[in-house]
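I have placed the structure first, in the form of C-alpha cells, so that the comments after it can refer back to it.
Residue numbers (my numbering), protein chains in the order written: chain A, 1135 to 1781; chain B, 196 to 395.
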C-alpha cells in the first residue's frame, strides 16, 4: 500500500499538517521548566548561595555582579533567579498579569486610587476590567507614570516590565534605557532577610531608579543617586557621571562581607512567604487607631497559619485569592478547597473528604436557618468590622502608601475608604466590602465618561479651583479642598471651552454626575459612573465567638432588629462639596436583592418572635397531652376488650 | 420531588372527596340525624373558631405551597411574614378544635365494628354513616398528631439546638408533615361537614 513513494510523502505531509493543527489548538505553551521548576520532593528548601547577575539583552548571557565592579551595577532578578526559575512562567501569575486581557478578571478587588486633593480627585484605576474602575491606558497614564505613582506597593513585573514598551514617543523609549524597567522583584515576597526593606522601593521609584529598586530592597546593598536627573543619553552600564556635579547618577554599594568565593551571595530565600512581606502591601488600618493596639490579628494567624497557607500558588504564581467560585475563574488546583467553605465545610459531593484542611474546624451553625448561607458570604458574619451605625474609615497600604516615608497620617487623607459596608457582591451574596465614592473630572460622550488626569485639569482650569490659602488645613492633611457648586461650574466651563471636541465636561462626586445645562447652570443627576465602587474584604477574620448570629436569640438581633446596622446603617456620602455630605445612603440600598420595607417589616416581626415560640410550643404541648390522654384511655379500653374476649 | 409529592397529596385528597361525594350523595343526609346548632354567644364563638381555623389553614397552605408549585423559590419576604403570622394563630385554633372535638372523636363500639368490617371480619352495615364517622375520627386524630411535628420542626429550628444538617432535616420534616396535615385536615373538615352527627 505504501510502496509508492508519492503516497508516503503525502502521508508524511498530512501527518505533519494534522500535528501542526493540533498543537495550535493547545493552550498557550509555557516556557520549558528550568532546574528550580522541577522540585524533587524534598520538603526542605535548597540553600540559595548564588551568583548575582545583571541585566542582559534577550539571548545574551548576563554578567556576574561583583561588589568591586566599575561601575557597580544592580542585580537583575530576572537574570539571577531566572537562571533556575522560568521568569516567563512566573510573570503569568496574579500579581503580574493585570495587563493580560486573556486572564479572567475574577472578583472585583481593590483598585489603585489616583488622588489629587487640589482637583478633588479620587479615581479608581485598574488594568483589569473590573466594573467601576478605569483603565490607566484609557486616560493616557503611561506605564512609567503608573509605576511612579503605585509601584511603591507592587512587586514589580506586569506594568513595570512595560515601561518604554508600546510607546509612540521615542523619548519614552530612550528614558526607559536610562531608568530601566521595574522587573519582578522576587525578594519582595521571598526574602527572609530581616533587613529586607520594601520601603526602599518606594524611595527609588520616586527617583525613577526602576532598574535599581529591587537591589535597594535586598538588605545588603545601598542605592544612591537619581536616574531622573540623568540626561536621555546617559548610559547606566558605562556609569559615567553627567557634567553637572550636582546630579548624582544611580550608584550601588554592596556589603562586601556578603560576597563569598566566586562572588556568590547567600540569599535567605523563603518558599513560604513570611506574613511580614504580605503585610507591606496588604495592610488595612483604622484611621483613628492605626497603632493596632486594640485590633486583633486574623484568627487564622493566631491559630498558627500564615497568609500563604491559604493563598497558595505553584510556579505559575497563580495565587489562590480564596473567594467562592474562584475555580471557575482560573484553573488553580487549590481554588476550590482553599476557600472558606472548601476548608471548613468541604464539598458534600466529593468522594474524598476535603474539609478540615490545616485543622480547620467544622462549624455547626446551630440555629442558623440555611437561607443565610444562600444570601450571605461566610465573611458577612465572620470578617471585618461588625456592622455599626458609625462609618468606619480605613487606610490601606496600596491606597495610602502605608509603610513608606513621608505619607500623611491625618485621618482625612485621601482617598476616603469606608470599610464594613455590607453590600451585594458579584456573586449576589451580601458580604462586607470596602467602599469609595469616585470623584473625578471627565468628558461625557455617548453616555461614556472618560476621566481627565488631575494635571490636565490643573492646566486647563487651575485658576477656577479653590484657593490654596483658604483650604490650607485640609490640603496639608491630604484632604480635598472645600468645593462649592460655583467652583464646579467654573471649572467645567473652563474645561469645556478649552477642549470642546472631547465631549461635555462633567464632574463626578458624591454619587452624582455634575454637568452644565444649556443655560450654563450646574445640574446633578444619577449616573452609573457615580455609583460607589466596592470591593469585598475577607480579613481580619474574627473568632467564632465574635461572629454575627452567635448567642441564640440574642444573635438574631445582631441583624434582625428594626434599626439593625446591617441593613439600616447610614453609609456617608463622600464629596468635596459640603452640601453633598449632609446625606447618606442606607446600607440596604447597596443590597439590590433586599426590599427595604420588606426587611424592615421582617426585622420588626422579631419583636414578637419569643411570644410566637412560646405560643406554638405550648400548643404543641397541649396537643401532645390530648393525644396522650385519649390514647391512654383508648389503650385501656382495648386492654379491657381483649381481656374480656379471652375470658 | 417534593413538588410531585405535594401535587400527589392534593390530588389524592381531592379524589377521595369527590369519590365520597359521588358514593354517599344523599345517603348521609337521609340517615344522619340532624345536629342541633348551638345558639347564642357560644354558637358565635364556635363559628368564629372554625372560621379562623379555616382562614389560617388557607393562608398557610397558599403561602406555603405557592412558592413550591409556582415559583420554585423558597418562601421569603411578605409571604413568609404572613405565613409566620398565621402559624401561631392556627396552632391555637387547632388546640381549640382538638379540645372541642376530642371527646366526640373517641373510638367506640361502632367504630370497632367498622374497623372489623374493613378487615373482613364482620358483616356489611346497612348504612355507611358509621363509616363516614369512623374516618372522620381517624383524620381528626391524624390532624392532631401531625400538627405536633409541623409545629416542633419549625419551633425547634429557631433555637440554637440543631446545626446545618439538623436544620435541613427539620425543614424537610416540616414540608413533609404539612402535606400530610393538609390532607388530614381537609378530609377531617369535609367529613365533619358531611357527617353532622349528634354530639355524644
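Heads up, the beta-carbon is just placed ideally off N, CA and C, and yes, glycines get one too.
So residue i is in the alpha helix (DSSP H); what residue range does that whole segment cover?
{"i": "residue 1337 of chain A", "result": "1333-1340"}
{"i": "residue 1212 of chain A", "result": "1211-1214"}
{"i": "residue 1506 of chain A", "result": "1505-1509"}
{"i": "residue 1556 of chain A", "result": "Taken as a continuous stretch (DSSP letters only), residue 1556 of chain A belongs to no alpha helix (DSSP H), being part of the beta strand (DSSP E) at 1551-1558."}
{"i": "residue 1250 of chain A", "result": "Counting along the chain, residue 1250 of chain A falls outside any alpha helix (DSSP H), though it belongs to the beta strand (DSSP E) covering 1246-1250."}
Looking only at C-alpha atoms, which of the options sits nearest to residue i?
{"i": "residue 362 of chain B", "options": "A:1429, A:1498 and A:1218", "result": "A:1498"}
{"i": "residue 1515 of chain A", "options": "A:1173, A:1502 and A:1527", "result": "A:1502"}
{"i": "residue 1530 of chain A", "options": "A:1446, A:1622, A:1573 and A:1412", "result": "A:1412"}
{"i": "residue 1747 of chain A", "options": "B:267, B:270, B:284 and B:209", "result": "B:284"}
{"i": "residue 1392 of chain A", "options": "A:1358, A:1448, A:1414 and A:1185", "result": "A:1185"}
{"i": "residue 1187 of chain A", "options": "A:1687, A:1218 and A:1422", "result": "A:1218"}
{"i": "residue 1512 of chain A", "options": "A:1552, A:1565 and A:1279", "result": "A:1565"}
{"i": "residue 1313 of chain A", "options": "A:1321, A:1322 and A:1277", "result": "A:1277"}
{"i": "residue 273 of chain B", "options": "A:1755, A:1736 and A:1743", "result": "A:1736"}
{"i": "residue 1242 of chain A", "options": "A:1559, A:1527, A:1220 and A:1168", "result": "A:1559"}
{"i": "residue 1554 of chain A", "options": "A:1383, A:1773, A:1173 and A:1699", "result": "A:1699"}
{"i": "residue 1713 of chain A", "options": "A:1723, A:1645 and A:1654", "result": "A:1645"}
{"i": "residue 269 of chain B", "options": "A:1505, A:1205, A:1741 and A:1311", "result": "A:1505"}
{"i": "residue 1604 of chain A", "options": "A:1594, A:1618 and A:1770", "result": "A:1618"}
{"i": "residue 379 of chain B", "options": "B:355, B:238 and B:211", "result": "B:211"}
Can you name the start and end residues of the beta strand (DSSP E) that residue i belongs to?
{"i": "residue 1386 of chain A", "result": "1385-1388"}
{"i": "residue 1567 of chain A", "result": "1564-1570"}
{"i": "residue 1420 of chain A", "result": "1418-1420"}
{"i": "residue 1574 of chain A", "result": "1574-1579"}
{"i": "residue 1669 of chain A", "result": "1667-1670"}
{"i": "residue 1526 of chain A", "result": "1526-1530"}
{"i": "residue 1257 of chain A", "result": "1255-1259"}
{"i": "residue 1539 of chain A", "result": "No beta strand (DSSP E) holds residue 1539 of chain A; DSSP gives it neither H nor E."}
{"i": "residue 1641 of chain A", "result": "1638-1643"}
At least one CB of chain A closer than 8 Å to the CB of residue i: is that the case?
{"i": "residue 273 of chain B", "result": "yes"}
{"i": "residue 355 of chain B", "result": "yes"}
{"i": "residue 244 of chain B", "result": "no"}
{"i": "residue 379 of chain B", "result": "no"}
{"i": "residue 238 of chain B", "result": "no"}
{"i": "residue 409 of chain B", "result": "Here chain B comprises residues numbered 196 to 395, so residue 409 of chain B is not present and cannot be evaluated."}
{"i": "residue 269 of chain B", "result": "yes"}
{"i": "residue 283 of chain B", "result": "yes"}
What three-state label does DSSP hand residue i in the structure shown?
{"i": "residue 1360 of chain A", "result": "coil"}
{"i": "residue 299 of chain B", "result": "coil"}
{"i": "residue 1545 of chain A", "result": "coil"}
{"i": "residue 1710 of chain A", "result": "coil"}
{"i": "residue 1784 of chain A", "result": "For residue 1784 of chain A there is no data in the structure shown, the boundaries of chain A being 1135 and 1781."}
{"i": "residue 336 of chain B", "result": "helix"}
{"i": "residue 256 of chain B", "result": "helix"}
If you measure from the beta carbon of residue i to each beta carbon in chain B, is any gap under 8 Å?
{"i": "residue 1761 of chain A", "result": "yes"}
{"i": "residue 1756 of chain A", "result": "yes"}
{"i": "residue 1503 of chain A", "result": "yes"}
{"i": "residue 1558 of chain A", "result": "no"}
{"i": "residue 1563 of chain A", "result": "no"}
{"i": "residue 1753 of chain A", "result": "yes"}
{"i": "residue 1768 of chain A", "result": "yes"}
{"i": "residue 1498 of chain A", "result": "yes"}
{"i": "residue 1750 of chain A", "result": "yes"}
{"i": "residue 1732 of chain A", "result": "yes"}
{"i": "residue 1250 of chain A", "result": "no"}
In its own chain, which residues sit with a C-beta less than 6 Å from the C-beta of residue i, not counting the 5 before and 5 after it?
{"i": "residue 1353 of chain A", "result": "1327, 1329 and 1330"}
{"i": "residue 1840 of chain A", "result": "Absent from the structure is residue 1840 of chain A, since the part of chain A shown begins at 1135 and ends at 1781."}
{"i": "residue 339 of chain B", "result": "293"}
{"i": "residue 326 of chain B", "result": "309"}
{"i": "residue 1247 of chain A", "result": "1256, 1258, 1533 and 1549"}
{"i": "residue 1664 of chain A", "result": "1642, 1645, 1646 and 1647"}
{"i": "residue 1427 of chain A", "result": "none"}
{"i": "residue 1447 of chain A", "result": "1453"}
Suppose the cutoff is 8 Å on Cβ atoms and the five residues either side in sequence are ignored; what does the same chain contact list for residue i look like?
{"i": "residue 1156 of chain A", "result": "Here the model assigns residue 1156 of chain A a pLDDT of 46, short of 50, so the residue's position is not dependable and the matter cannot be decided."}
{"i": "residue 225 of chain B", "result": "For residue 225 of chain B, the pLDDT reaches just 39, beneath the cut-off of 50, and the residue's location in the model is therefore unreliable, leaving the point undetermined."}
{"i": "residue 1220 of chain A", "result": "1164, 1165, 1166, 1167, 1168, 1171 and 1449"}
{"i": "residue 388 of chain B", "result": "none"}
{"i": "residue 289 of chain B", "result": "248, 338, 339 and 342"}
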